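> The letter at position 17 of the sequence shown is residue 17 when you use full-length UniProt numbering, and the numbering goes up by one with no holes.
Positions of the beta carbon are idealized from the N, C-alpha and C atoms, including for glycine.
Nothing here was measured: the structure is a model prediction, and the numbers come from that model.
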Amino acid sequence: MYASRVLTAVTVATLAAATLTACGSGPKSEATCPSGSPGTSTAPDWRYQGTQGSLEVTGPTDATAPRIKVDGPFSVAQTHVQTFAPRGDGAEVGEKATVSVCYMGVNDRDGNVFDSSYDRGTPAEFSLDGVIPGFKKALEGQKVGSTVGVAVSPADGYPEGQPSAGIQAGDTLVFVLKILSAK
Numbered sequence: 001m002y003a004s005r006v007l008t009a010v011t012v013a014t015l016a017a018a019t020l021t022a023c024g025s026g027p028k029s030e031a032t033c034p035s036g037s038p039g040t041s042t043a044p045d046w047r048y049q050g051t052q053g054s055l056e057v058t059g060p061t062d063a064t065a066p067r068i069k070v071d072g073p074f075s076v077a078q079t080h081v082q083t084f085a086p087r088g089d090g091a092e093v094g095e096k097a098t099v100s101v102c103y104m105g106v107n108d109r110d111g112n113v114f115d116s117s118y119d120r121g122t123p124a125e126f127s128l129d130g131v132i133p134g135f136k137k138a139l140e141g142q143k144v145g146s147t148v149g150v151a152v153s154p155a156d157g158y159p160e161g162q163p164s165a166g167i168q169a170g171d172t173l174v175f176v177l178k179i180l181s182a183k
C-alpha cells in the first residue's frame, strides 16, 4: 500500500514537472493572433513576380490576419524575404533563437492556406534550429515586432513534399510571419 502511494506521488510529481517544462519557463503569453479578414480595398504590402506566377500580400494588423493572393501556379528558384514597413524595433532574432510568431502559410499551386496560427488565434513558438531553411532565412536577423513575407523555394521548404499538409514535392510556399518575441 505504501509503495503504491509513493509510486502515485512520484508519477504525479513527474507529470507536473513535465507539464511545467513543456509550457516554458516564463510567464504565459497573453498574445493572440487576430483572425479578422483584411478589407478587399486594402493595398498589398508586397507584390512579387516569381519565375512563374505572382503574389500579392497584405500584412496583418492588430485586428486582421494577413491576406496572401497567389496568381499561379507560383514558383521561385530562390527564397525571397520581404520585411514590411514599419519594421520592428525589438531585439534581433538570433541564429538559434526561440521565437513566438503569428503566421500563415499558403501553397503555390492553388493559393490555399495549409497552416495558420491566425486561424487558431494563438501564436506558435519554435526554435530556429527546428524549422525549414526558408523559415529560418525569413526570421534570422529580423527585429521583434517586424512582419515578414517569404516565398520559400522548394529546396528551402519541403523538397520531397509534406503530404499531411497537402504539400507536394517541388512546391513553393509563401508565409507571412509577425514576430512577437525572441529569446
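With distances taken Cα to Cα, identify the nearest neighbour of A182 among V93, V106, G161.
Translated into positions along the sequence shown, residue 182 becomes position 182. Here the closest residue by C-alpha is V93.
> Where does Y103 fall in DSSP's three states?
Taking the first residue of the sequence shown as position 1, residue 103 is located at position 103. Here Y103 sits in strand by DSSP.
> Could you tell me if K178 is buried or exposed, where buried requires 16 or more neighbouring beta carbons within 10 angstroms of its beta carbon?
Along the sequence shown, one-based indexing puts residue 178 at 178. Buried, because 16 or more other Cβ atoms sit within 10 Å of the Cβ of K178.
> Identify the continuous beta strand (DSSP E) that holds residue 184 and give its terminal residues.
The first residue shown for the chain is 1 and the last is 183, placing residue 184 beyond what the model contains.
> State the Cα-Cα distance for the pair A65 and G145, rounded to the nearest angstrom.
Here the question's residue 65 lines up with position 65 in the sequence shown. Here the question's residue 145 lines up with position 145 in the sequence shown. Cα-Cα distance, rounded: 15 Å.
> Is it the case that the Cβ atoms of A151 and T79 are separated by a distance below 8 Å?
As a working note, residue 151 is residue 151 in the sequence shown. As a working note, residue 79 is residue 79 in the sequence shown. Yes, these two residues count as a Cβ contact at 8 Å.
> With G124 as the anchor, note down where its alpha helix (DSSP H) starts and where it stops.
Mapped onto the sequence shown, residue 124 falls at position 124. Going by the sequence as given, residue 124 is Ala instead of Gly. It is not in any alpha helix (DSSP H) - A124 instead sits in the beta strand (DSSP E) that spans 124-127.
> Going along the chain, which residues of its own chain have a beta-carbon closer than 6 Å to the beta-carbon of R47, five neighbours each way excluded?
By 1-based counting over the sequence shown, the position of residue 47 is 47. Hits under 6 Å: E56.
> Drop a sphere of 10 angstroms on the beta-carbon of P163, count the other beta-carbons inside from all chains shown, and report buried for 16 or more, exposed for fewer.
The sequence position of residue 163 within the sequence shown is 163, counting from 1. It counts as exposed.
> Going by alpha carbons, who is nearest to A155 out of G90, T40, I167, P133?
Here residue 155 corresponds to residue number 155 of the sequence shown, with the count starting at 1. Comparing Cα-Cα distances from A155 to each of G90, T40, I167, P133, the minimum goes to P133.
> Roughly how many angstroms lie between the CA atoms of D171 and V70, to the nearest whole one?
As a first step, residue 171 is located in the sequence shown; it is residue number 171 there, counting from the start. As a first step, residue 70 is located in the sequence shown; it is residue number 70 there, counting from the start. One C-alpha to the other measures close to 13 Å.
> Please report how far the alpha carbon of D62 lies from the alpha carbon of Q168, in whole angstroms.
For the purposes of this step, residue 62 is taken as the residue at position 62 of the sequence shown. For the purposes of this step, residue 168 is taken as the residue at position 168 of the sequence shown. Between D62 and Q168, the C-alpha separation is close to 33 Å.
> State the start and end residues of the unbroken beta strand (DSSP E) segment that holds K178.
Here residue 178 corresponds to residue number 178 of the sequence shown, with the count starting at 1. Note, K178: beta strand (DSSP E), 173-182.
> Rounded to a whole number of angstroms, what is the C-alpha to C-alpha distance between T83 and T147?
Reading the sequence shown from its first residue, position 83 is the one you call residue 83. Reading the sequence shown from its first residue, position 147 is the one you call residue 147. Roughly 6 Å separates the two Cα atoms.
> For G90 and L180, I'd like the C-alpha separation in whole angstroms.
As a working mapping, residue 90 is identified with position 90 in the sequence shown. As a working mapping, residue 180 is identified with position 180 in the sequence shown. Rounded to whole angstroms, G90 to L180 spans 9 Å at the Cα level.
> Specify the secondary structure class of T21 as computed by DSSP and reduced to three states.
Taking the sequence shown and counting its residues from 1, one reaches residue 21 at position 21. Model confidence at T21 stands at a pLDDT of 29, short of 50, so the residue's coordinates are unreliable; what they give is reported in the following sentence. Helix at T21.
> Kindly give me the distance between the Cβ atoms of T58 and P38, rounded to whole angstroms, as I take these residues to be in contact under 8 Å.
As a first step, residue 58 is located in the sequence shown; it is residue number 58 there, counting from the start. As a first step, residue 38 is located in the sequence shown; it is residue number 38 there, counting from the start. Indeed, because the Cβ distance is near 5 Å, the residues count as touching under 8 Å.
> Would you mind reading off the limits of the beta strand (DSSP E) that contains D115?
Taking the first residue of the sequence shown as 1, we reach residue 115 at position 115. Run containing D115: 113-116, per the beta strand (DSSP E) assignment.
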